[in-house]
Structure formats: C-alpha cells, structure tokens
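Trainee: Handing you a structure now.
There are 2 protein chains.
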Amino acid sequence: MIHAQMEKMFNARSIAVVGAKRPDENRGKTFGGIFGALHDYGYKGRLYPINPHGESIMGIKAYKNLLELPEPMDLVIVSVPAPFVPGVLRECAQTGNKNIHIFTAGFKETGEPESMKLQKDIEEIANAHGLHVIGPNCMGICVPEHRIATWMEPVTRVGPVSFLSQSGGHAQDFSNYAGKLGIGFSKIVSFGNALTLDSTDFLEYLADDPKTKIIAMYLEGVKNGRKLFDLVKRINRTKPVIILKGGLTESGAKAVLSHTGSLAGEEQYWHAFFKQTGAVRAHSLEEMAHTTLALLKTGKPEGRGMVVFGAGGGVVVGASDACSRVGLTLPTFSETMQTTLRSFIPPAGNMIKNPLDAFILFFDEGDHLAKTLDLFYQAPDLNMVILSLHMDWLDPSMFSHVARHIKTTCVEHLKDKPFVVCWRQTRDDREIQNQALAFEQDLLNSGIPVYRSFEAAALSLSKLAEYHLSFHFQSDLEERVNSVTPTNH
Amino acid sequence: MIHAQMEKMFNARSIAVVGAKRPDENRGKTFGGIFGALHDYGYKGRLYPINPHGESIMGIKAYKNLLELPEPMDLVIVSVPAPFVPGVLRECAQTGNKNIHIFTAGFKETGEPESMKLQKDIEEIANAHGLHVIGPNCMGICVPEHRIATWMEPVTRVGPVSFLSQSGGHAQDFSNYAGKLGIGFSKIVSFGNALTLDSTDFLEYLADDPKTKIIAMYLEGVKNGRKLFDLVKRINRTKPVIILKGGLTESGAKAVLSHTGSLAGEEQYWHAFFKQTGAVRAHSLEEMAHTTLALLKTGKPEGRGMVVFGAGGGVVVGASDACSRVGLTLPTFSETMQTTLRSFIPPAGNMIKNPLDAFILFFDEGDHLAKTLDLFYQAPDLNMVILSLHMDWLDPSMFSHVARHIKTTCVEHLKDKPFVVCWRQTRDDREIQNQALAFEQDLLNSGIPVYRSFEAAALSLSKLAEYHLSFHFQSDLEERVNSVTPTNH
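Chains as they are written, first to last, in my numbering: chain L, 1 to 489; chain R, 490 to 978.
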C-alpha cells in the first residue's frame, strides 16, 4: 500500500502546491519558493498552484483550494503557516489526495507546547484518513529524472544513488556536493519530523527500487530501531548503505532535539548497529560523498594492500601515513617486480618502491606506463591504486596529456582493480588553479573518482574495503549477527 | 657561531648560485631554476650567477667559479650534479664562504652505496672546514622580507610564522596554503638530509629570533632527540611549536627512509614527546595551517566551552558533533541569558539554544547583535565562538553587510574571546561561489580566522585550547615532565 503510494509520489505526474506564492521580484528568480523551484527546475508533470485568491503564477492557472482542482493529485505539497496545516489536511482527505508533503515547520521540533499539540492534531487527521505524509518540517522529495524538487538549483545529474535525510539542508548540501563529484541521483528525500513516513518506510521502498543501487542516509532519531536494523542489514548485502548519524555526542543530541524533536544519542547502540549491519559509517557529509564516490565508481578490492603511484618527497610520506592510519597497507614490491621496473625506470629522480615515484612514465615514448600498470594489476597483494598528482609540479600544458593517459591507459590496464586519483595544488597561480579544476572535472565526468587530499582518498578506499571485505558477507557469522537486540529509538 | 652565520644567511645581502642556468625558453619564465626564482621574486641583495662558461643570465654578469667573485658571499647555493658537489665545497672553503645551501639531491636518501659514499665525502669536507650546510637534497631558505627564495612564486606575505621542513615540497605547500589563509612568514627552511645543520640548529636560532612568534615544523627523522625535546619544551612556553611528524606509521617510516634517508617511527616516543613538551601535534599540512591560523589570530581561551552561532538544522547538529568529538563542549545558556535573548529574538525560525540559530540578528535594525555578543563575552563558560554561515542561504548582495558586521560588531564586542568564522557553500552557482570566496578573502585579510568546514574549525580551536590550557604551563608538574628519557633518533 505505502509502496504503491510512494511509487506515485516519486513519479508524480501531477503536483499541487498549497500556499504557492509569486516570486519575490526584489529578490530575483531564485526566491519563488517551492512553486518557483518546481517551475524553474522544469518539472515534467502538471503543476497546480493553490492560493487564497486563485491568482495565476508564472502564467499558470491557480486554484483557491484542493476542491477546485480538475483531477486527483499524485502529490500535494503543503506550504502554509502551521496553524492552517490541519485544515489543508482535512481538505486532502475530503478530495482523496493521500500523498502529502508538509513543508511547513513549527511543530514538534520547537519544543513549545502549542506546536507539539499542533503536531498531535495533524497526526490524528493523517491516521484517521490514512494519509501518507512526508514531513512536516522538511524539504520533501527531489527526483532529477522527473525534475521534481522543492529547492532552488537542485542537482540535475540522474544516477543510481538515493539519499534519505532527516535534514532538509543536508539533502541539498549532500546532493549538491556529491553532484559536483559526478554522482547522479535517483531519489532524494528530506523527511523531517516523520509524521507518518519514517526513514524505514522510504528504505523499504528503495530496497526494491531498480533505479537505486546505493543508499546514503542522514539520520537523527529513529522511531523503529529494530526495523531499521533488519532493513539495513538486508539491503546492505546488495546495495551499500552509508549512514551519517547526527547527534551521537552529547552536544549533538541536544541539537537534534531542537532540530527535528527526535531523541538521538546512545553511541554504543550505534556502534553495534554499524558493526552488525555492515553499513558504512560516515562522520560528515563530505566523507559520505567521498565514500559514495568510491563505492559507485570502483569495484570490489580483494584486500587492503595499496599501491601509491606519483609525486615524491614529503607527499609520499604523507600518503603512506594517511593510508596506514586508516588500516590500509603499502606492501613492498616483489623482487621480480622491482627488477622489471628497474629495467625501464631510471634511478635518478625516481623511487622504485611503494609509493612508486616515477611520474616520468606518463611522458615516456614507449609502453612502460602500461607495463607498470600491468604489474600492479597482476600483483595479488596490491589491491587498490592511488595515483597522486601534484599539479604545481607539472606544466598546465601537460594536464590534458596526463588526463588522457588516466582515462585510457590506466583504466584499460588496471581493469577492475579499484583506482582513484588524488591531486594537490597550492601555488597562488590562477592559471594552474583553473586548469587543475578543469582537469578534475574532466576525470570526474569520465567516471574516475578524484580526491583533493590523501586523507579523503585513503579514508574512502578504506571504507570501500570495509564494505566489501567485512564479515557480514560471510554466512558462518550469521549467528553473531543475530545475537544483537537493539532497542527502539 | 652558528647563530651568527644563520643571521647572515637569513639576511643575506649577497648570494651566489653555483650552477645557475638560463631559463628554459620553451617552458616559460617559471623554469629558470633557483637563479630565476631569486631573480623573479625580486631578491633585494646582490645576486651572482656562476656557471662553467661564465655566461651572463637575465642580464646579470656571471662568473666561472667562486674564486672569481668580487666579494665574500653571505650565502652560496649549490645546484650542480651530485658528483661535482665536493669540488664546489672545497672551493667554498678556499674562498672563505662558509654558509652553503646544497640544493642537489642524490646522496644518502637514495640508499645507493655510491651516493651514501658521496654524502660521507661532503660531510668530511664540511667538518674539516667548518662549513655551515643546509641540505643537501632540499629547497633551502625562503625569507619573504628580503625576497630570498629558491622556488617559483613563493609566498609573499611577511609575518611572524617560521616553518622548518625536512621536505622541500612541504616547505612550498605549507607556506602557499597558509599564505592564502592570511598567514605571513618570517623564515621558511627546507633542510633535507641535514648534513651539518639540523632542525635543532634552526630551532635554536628561531628561539631567539624576535621576528618569529610561532614555529611550525615538518619532521621525518631527528638526529638529536634529547636536544629537540629540550628545545621544543622550552620554546613552546613562549612561542607555540606545531609539529607534523611524518613516518609515524610503518608504511610512512619506509617512505621516510627513501625520502631523506632518516629513521622515523617510534610512535610511542613521539606520543610522549608531544604530551611532555606541550607541542601542538598536526596530522597533515592543512591541519597544521588551520591550527597556526587559530594560534596566530586569536587569544587564549579560558576553557573548552564553545558557543556556535549561525545557520540552523542539520548544520547545527553537525557542528555540535564536530565540537564534541574533539573535546569541546557546548554549554547550555544560563536561564538569565535565555530570558534576555528571548526578549529580542522571535521564536519563529530561530533557536535560542547553543548552538544559537538566530541569523536574523545580522539584519536587525537595533543593537541586538551587539547585545548578544556581549552576553557571549560575559558568560564565563562560553570560551570560544564559532560563527557558522551557510552562504547558499544568503543572497550574495548581503555578504558585504555580514562581513562588515563580523569585522566591526563581532570583533569589538567579543574582544579577546577567540572567535572564528566557518562557512559552507554547495550550490552549483558561480556567482555565489565567487562572492563567497571574495567574502572569505576579505575576512582573512582583516585577520579573522576563516574555515571551510566545522571539522577544521573545531579541530583548530581544540588545539588552541590544548596549547593554552595544557599542563606544561603548570610548574608543579615539572617533575613528571623531567621523568622522560627520550632516545636519540
């Protein structure tokens, strides 16, 4: 039942916005509110503005209320002041419109008795009439495929990542940030106070959604901990689930209470949760995006052995330390491999170790780069590759040459071995900066994961390894998994 | 003796570059090597190129060798192939030029027997003639005040930070990155293989250097651990010492051996080192720069209590978690303070808690922002302030208004209470991005520490608190400090 309704919402062919306003002329086109956002994004379905005077908006005929609408809505978005929300919900029930996103804030999250009462009221109406409510106090859904979104300039890249977020700001920030990394989205959901639809309801839907291959989540509180645990554990076997849990610290838990009125905390429970579901844990939106990038664009590593290839000196020491700190190893090259490498890499200015500092290979006339990559590919203890580039040490005219080699030679010879690029640039030189950013974008658009720090690259690959190599894929450990008894949250 | 020679090097009025080359016309002006770097930076002293043919370079008269020079040099920079270095050193001895920077690599760090022998040879020459050698295998010194530098486009901002680095790349990267944060430099030293002058020699000099107020260091191996320990412990009482120790992990230690031929490792020793000297520990160049920024631009906090002021929702939860994770607390506002705040902050859309989500104060007609800041200032348990801004939630036309308030109202009312700004921007909107970067630069130029993530802001302030509040300032603990017996490294 819920499943069918969600299918309708995410693929809505008709949307009414109750409380649609005209754009604020003084503040430019980006201040047209939810209606303006849907309109500007190019929503592909039929859009109905509703406001008390029935004034048309952006040339689109408006209606005074839901009763006047010519057809039932796949989704009704409610953006009226909190005290008017109960009335609109009753109108929804009366017109048979069951899929509702309440954008309005000012309910449970304020902690004020009056607002808590208001939340209780709308909960009763929703339950009495079997309404499916996203929110209140949230941004609702964003589906790039159908150009559904309630905020300005949302991500446009369509792809297999879905994001469930208890914070509307995070829904925007994560998808914006990840979008710039070349990550495309299927569904983004900001569910706020979770009146009827909670994270677990959306999770159930995404579990079976063929367009979703990776699920990222930002959680504050959880209503049904057992259900979440079971779902995440099951889904994570086939679709990686990456979770940023807000409010795990004492100060964070207090902030959560003010934000969505949820109870957070219980660090130990969450520690066990991650351990036993195998879900990937993130500590910030950026970390979650970086990890998603690795999971989305690379394959399964067979171990935690790294080869670092690229710029030398202190950078290489830092790269080694960064890898080791997150549990990755840098195995010494085998004698045979060293001998082969020495046969075509001159010792001066290069280091034939791991890290391999021999950037000269990118500018060599022969096929030595390919041969080196083949050696990486064949080595059973070298499971993942980081190519480290210091853009200040290259002339910008060489960037496209290096990019071409990465997109062809590296990709072809490393095959399914996880491979990422990490770059650094510090010189205060506008030309190098702009060229480096273009270089990065070119690689990201070609599906190569690119990071701006070793810390980020190493952490993402360590989480990639953790996901693919962690014990929840080993059936003989089922028993240990089943011994957990999470409480409700 | 060493002190006087260092004084000469850092204030060199005459520099000879042995092995000075003409710029490579094909590679543009930035490939003029060391001589070109000094020339382009605008070195203020007398510059003498030396090359076998005595060809003038960039219009400057050249000499065939040191014997031909018209005056003794304050500094001789040696940039000839490794096998020729012993000969040049003998020439230095012959001409009484005792201050030498050997740029050339290809000595101990290669691990090759021949190169190790070469290092032994130059060590003997240096010792026999009392030469003061920076390097080999290093970038040498950079002194923005006198426009001395051996690399392209070095930092130009003069200031009270000095940086000692065993990596030439890090010397450049750290100063470039920190320079963009508004940090100015007194002396930057890349000392590489440390033939005669080691980190401790430079540290001794900087201890008494009136132009150096903060010392940052990148260390791989250390020759005299006891001396380093004693120096750092002493200096750190008056000038903060921030250290990034490379090669603390097993992989990192292997990389260090290839890089500068030093022995690294011994994590436990370094753990005790930091604990007992009170030196501030950094894990990356960026972290070191962020921490330097806080130490340089803010005062001493009286405790670890934070107030976070700014953008709401998930951002506030993340900010709280980030602070708590690094040992900072977010005390609840006192009843009196809450009552006062409620008297002028409307409850709708704001949160009168800690974090305080009331950005409206920046746009209020009265003096409510000032009043709020006074409350922060007066609260004994609120020791540091983070102002959190989400640039996507502001119209760019408001940025300069906010910046003005930060530079005047915030600075005036928070007085000596440490205060930093942290901003976030994720929308793919070029105008907002450019305006946000200009906003950031404006604040940095005005001496306000600005961070791009809560993690960075919180970590830097936690290190600031650690420096000012750690036990090495309490004399009754002297005994514990003296119980350490570090080994040599």
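Using N, Cα and C, we set each Cβ at its ideal position, and we do this for glycine too.
Using DSSP's beta-bridge definition, name the partner residues of His101 (chain L).
Mentor: Reading the first sequence from its first residue, position 101 is the one you call residue 101 (chain L). Answer by DSSP bridge pairing, in chain order: L:Ile77 and L:Ile134.
Trainee: At a CB-CB cut-off below 7 Å, which residues of chain L make contact with Glu642 (chain R)?
Mentor: As a position in the second sequence, residue 642 (chain R) is number 153, starting the count at 1. Going along chain L in sequence order, the residues near Glu642 (chain R) (Cβ under 7 Å) are Arg427, Asp428 and Asp429.
Trainee: List the residues of chain L that His668 (chain R) touches, going by C-beta distances under 8 Å, in chain order.
Mentor: As a position in the second sequence, residue 668 (chain R) is number 179, starting the count at 1. Before going on, a small fix: residue 668 (chain R) reads as Gly here, not His. Going along chain L in sequence order, the residues near Gly668 (chain R) (Cβ under 8 Å) are Asp428.
Trainee: Which residues bound the beta strand (DSSP E) around Arg281 (chain L)?
Mentor: Against the first sequence, residue 281 (chain L) aligns to sequence position 281. Arg281 (chain L) -> beta strand (DSSP E) spans Val280 to Ala282.
Trainee: In whole angstroms, what separates the C-alpha of Gly87 (chain L) from that of His772 (chain R)?
Mentor: For the purposes of this step, residue 87 (chain L) is taken as the residue at position 87 of the first sequence. For the purposes of this step, residue 772 (chain R) is taken as the residue at position 283 of the second sequence. When rounded, the distance between both Cα atoms is 56 Å.
Trainee: If you reduce the DSSP assignment to three classes, tell me which class Tyr508 (chain L) lands in.
Mentor: What the structure shows of chain L is the stretch from 1 to 489, and residue 508 (chain L) is not part of that stretch, so it cannot be assessed.
Trainee: Give the list of continuous alpha helix (DSSP H) stretches no shorter than 4 residues that lie fully inside the stretch 821 to 880 of chain R.
Mentor: 824 to 833 and 857 to 867
Trainee: Taking a contact to mean a Cβ-Cβ separation below 8 Å, would you say Ile895 (chain R) touches Ile841 (chain R) in this structure?
Mentor: Taking the second sequence and counting its residues from 1, one reaches residue 895 (chain R) at position 406. Taking the second sequence and counting its residues from 1, one reaches residue 841 (chain R) at position 352. Not in contact: Ile895 (chain R) and Ile841 (chain R) (Cβ atoms no closer than 8 Å).
Trainee: Among L:Gln441, L:Phe309 and L:Gln425, which residue has its Cα nearest to the Cα of Cys323 (chain L)?
Mentor: Indexing the first sequence from 1 puts residue 323 (chain L) at position 323. The candidate whose alpha carbon is nearest that of Cys323 (chain L) is L:Phe309.
Trainee: Would DSSP call Lys575 (chain R) helix, strand or coil?
Mentor: Counting from one through the second sequence, the residue named residue 575 (chain R) turns up at place 86. What sits at residue 575 (chain R) in the sequence shown is Pro, not Lys. Residue state, collapsed to three classes: helix.
Trainee: Name, please, each residue of chain L whose Cβ falls closer than 7 Å to the Cβ of Val711 (chain R).
Mentor: Walking along the second sequence from the start, residue 711 (chain R) turns up at place 222. Per Cβ cutoff of 7 Å: no residues; Val711 (chain R) is ~14 Å from chain L at best.
Trainee: Listed from N- to C-terminal order along the chain, which residues in the stretch 690 to 721 of chain R have their beta-carbon within a distance smaller than 8 Å of any beta-carbon of chain L?
Mentor: If the cut-off is 8 Å between Cβ atoms, the stretch 690 to 721 of chain R has Tyr707 and Glu709 near chain L.
Trainee: Buried or exposed: Leu578 (chain R), going by 16 or more other Cβ atoms within 10 Å of its Cβ?
Mentor: Numbered from 1 along the second sequence, position 89 holds the residue referred to as residue 578 (chain R). Buried, because 16 or more other Cβ atoms sit within 10 Å of the Cβ of Leu578 (chain R).
Trainee: For a minimum of 3 consecutive residues, which ranges assigned as the beta strand (DSSP E) are wholly contained in the stretch 907 to 940 of chain R?
Mentor: Listed in chain order, they are 908 to 913.
Trainee: Can you grab the Cα-Cα spacing for the pair Phe103 (chain L) / Ile134 (chain L), in whole Å?
Mentor: Along the first sequence, read from residue 1 onward, the residue named residue 103 (chain L) stands at position 103. Along the first sequence, read from residue 1 onward, the residue named residue 134 (chain L) stands at position 134. The straight-line gap from Cα to Cα measures roughly 8 Å.
Trainee: What residue range is occupied by the uninterrupted alpha helix (DSSP H) comprising Ile34 (chain L)?
Mentor: Your numbering for residue 34 (chain L) matches position 34 in the first sequence. Looking at the DSSP string, the run of the alpha helix (DSSP H) that includes Ile34 (chain L) is Gly33 to Tyr41.
Trainee: So, is Ala128 (chain L) buried or exposed, given that buried needs 16 or more other C-beta atoms within 10 angstroms?
Mentor: Here the question's residue 128 (chain L) lines up with position 128 in the first sequence. Ala128 (chain L) comes out exposed.
Trainee: Between the stretch 941 to 959 of chain R and chain L, which residues of the former have a C-beta closer than 9 Å to a C-beta of the latter?
Mentor: Ser942, Phe943 and Glu944
Trainee: Under 7 Å, CB to CB, which of the residues in the stretch 804 to 835 of chain R have a partner in chain L?
Mentor: Val804, Val805, Val806, Gly807, Ser809, Asp810, Cys812, Ser813, Arg814, Thr818 and Leu819
Trainee: Verify the CB distance criterion: does Asn971 (chain R) have a CB-CB separation below 8 Å to chain L?
Mentor: Here residue 971 (chain R) refers to the residue found at position 482 of the second sequence. Reliability of the predicted coordinates at Asn971 (chain R) is poor, the pLDDT of 41 falling under 50, and the value obtained from them is presented with this limitation in mind. Not one chain L Cβ lies under 8 Å of Asn971 (chain R).
Trainee: Just how far apart, CA to CA, sit Asp853 (chain R) and Asn843 (chain R)?
Mentor: One-based indexing of the second sequence puts residue 853 (chain R) at position 364. One-based indexing of the second sequence puts residue 843 (chain R) at position 354. C-alpha separation (whole angstroms): 20 Å.
Trainee: For the stretch 498 to 511 of chain R, list every residue whose C-beta sits within 7 Å of some C-beta in chain L, in sequence order.
Mentor: none
Trainee: What would DSSP say about Leu328 (chain L), mapped onto helix, strand or coil?
Mentor: Residue mapping note: residue 328 (chain L) aligns to position 328 of the first sequence, counting from 1. In the three-state reduction of the DSSP assignment, Leu328 (chain L) falls in the coil class.
Trainee: Is it a yes or a no for the stretch 186 to 194 of chain L touching the stretch 233 to 244 of chain L, going by three-plus beta-carbon pairs under 8 Å?
Mentor: no
Trainee: Sorted by chain position, which residues of the same chain lie with C-beta nearer than 7 Å to Asp392 (chain L)'s C-beta, five sequence neighbours on each side aside?
Mentor: Along the first sequence, read from residue 1 onward, the residue named residue 392 (chain L) stands at position 392. Around Asp392 (chain L): Gln425, Thr426, Arg427 and Ile432.
Trainee: Would you mind sorting Phe4 (chain L) into buried or exposed? The rule is 16 or more other CB atoms within 10 Å of its CB.
Mentor: Residue numbering aside, residue 4 (chain L) sits at position 4 when the first sequence is read from its first letter. Per the sequence presented here, residue 4 (chain L) reads as Ala, with Phe not at that position. Exposed, because fewer than 16 other Cβ atoms sit within 10 Å of the Cβ of Ala4 (chain L).
Trainee: Which same chain residues end up closer than 7 Å to Ser483 (chain L) when comparing Cβ atoms and leaving out the 5 residues on each side of it in sequence?
Mentor: In the first sequence, residue 483 (chain L) corresponds to position 483, counting from 1. Here the model assigns Ser483 (chain L) a pLDDT of 39, short of 50, so the residue's position is not dependable, and the following value carries that caveat. If we look at Ser483 (chain L) and ignore the five residues flanking it on each side, it has no Cβ neighbours.
Trainee: When you compare the CB of Ser675 (chain R) with every CB in chain L, is at least one pair closer than 8 Å?
Mentor: The residue you call residue 675 (chain R) lines up with position 186 of the second sequence. No, no contact with chain L.
Trainee: Can you tell me which of L:Ala37, L:Leu38 and L:Val18 puts its alpha carbon nearest to the alpha carbon of His53 (chain L)?
Mentor: Reading the first sequence from its first residue, position 53 is the one you call residue 53 (chain L). Out of L:Ala37, L:Leu38 and L:Val18, L:Val18 has the C-alpha closest to the C-alpha of His53 (chain L).
Trainee: Mapping the DSSP letters down to three states, classify Gly179 (chain L) as helix, strand or coil.
Mentor: Stepping through the first sequence from its first residue, residue 179 (chain L) is reached at position 179. It is helical.
Trainee: What first and last residue would you give for the beta strand (DSSP E) that runs through Pro113 (chain L)?
Mentor: Working through the first sequence from its first residue, we reach residue 113 (chain L) at position 113. Pro113 (chain L) -> not in any beta strand (DSSP E); alpha helix (DSSP H) instead, spanning Pro113 to His129.
Trainee: Any idea if Thr332 (chain L) is buried or exposed, counting beta-carbon neighbours within 10 angstroms, 16 or more meaning buried?
Mentor: Taking the first sequence and counting its residues from 1, the one referred to as residue 332 (chain L) is at position 332. By the neighbour-count rule (16 or more Cβ atoms within 10 Å), Thr332 (chain L) is not buried but exposed.
Trainee: So for Leu708 (chain R), helix, strand or coil by DSSP?
Mentor: Residue 708 (chain R) sits at position 219 when you count from the first residue of the second sequence. Strand.
Trainee: I'd like to know if the stretch 380 to 388 of chain L and the stretch 403 to 419 of chain L are in contact, where contact means that at least 3 CB-CB pairs between them fall below 8 Å.
Mentor: yes
Trainee: By the three-class DSSP mapping on this structure, what secondary structure does Arg46 (chain L) have?
Mentor: To locate residue 46 (chain L), count along the first sequence from 1; it is residue 46. Three-state result, Arg46 (chain L): strand.
Trainee: Under a three-way DSSP split, which group does Lys653 (chain R) fall into?
Mentor: Mapped onto the second sequence, residue 653 (chain R) falls at position 164. One point to set straight first is that residue 653 (chain R) is Leu, not Lys, in the sequence displayed. In this structure, Leu653 (chain R) counts as strand in the three-state DSSP scheme.
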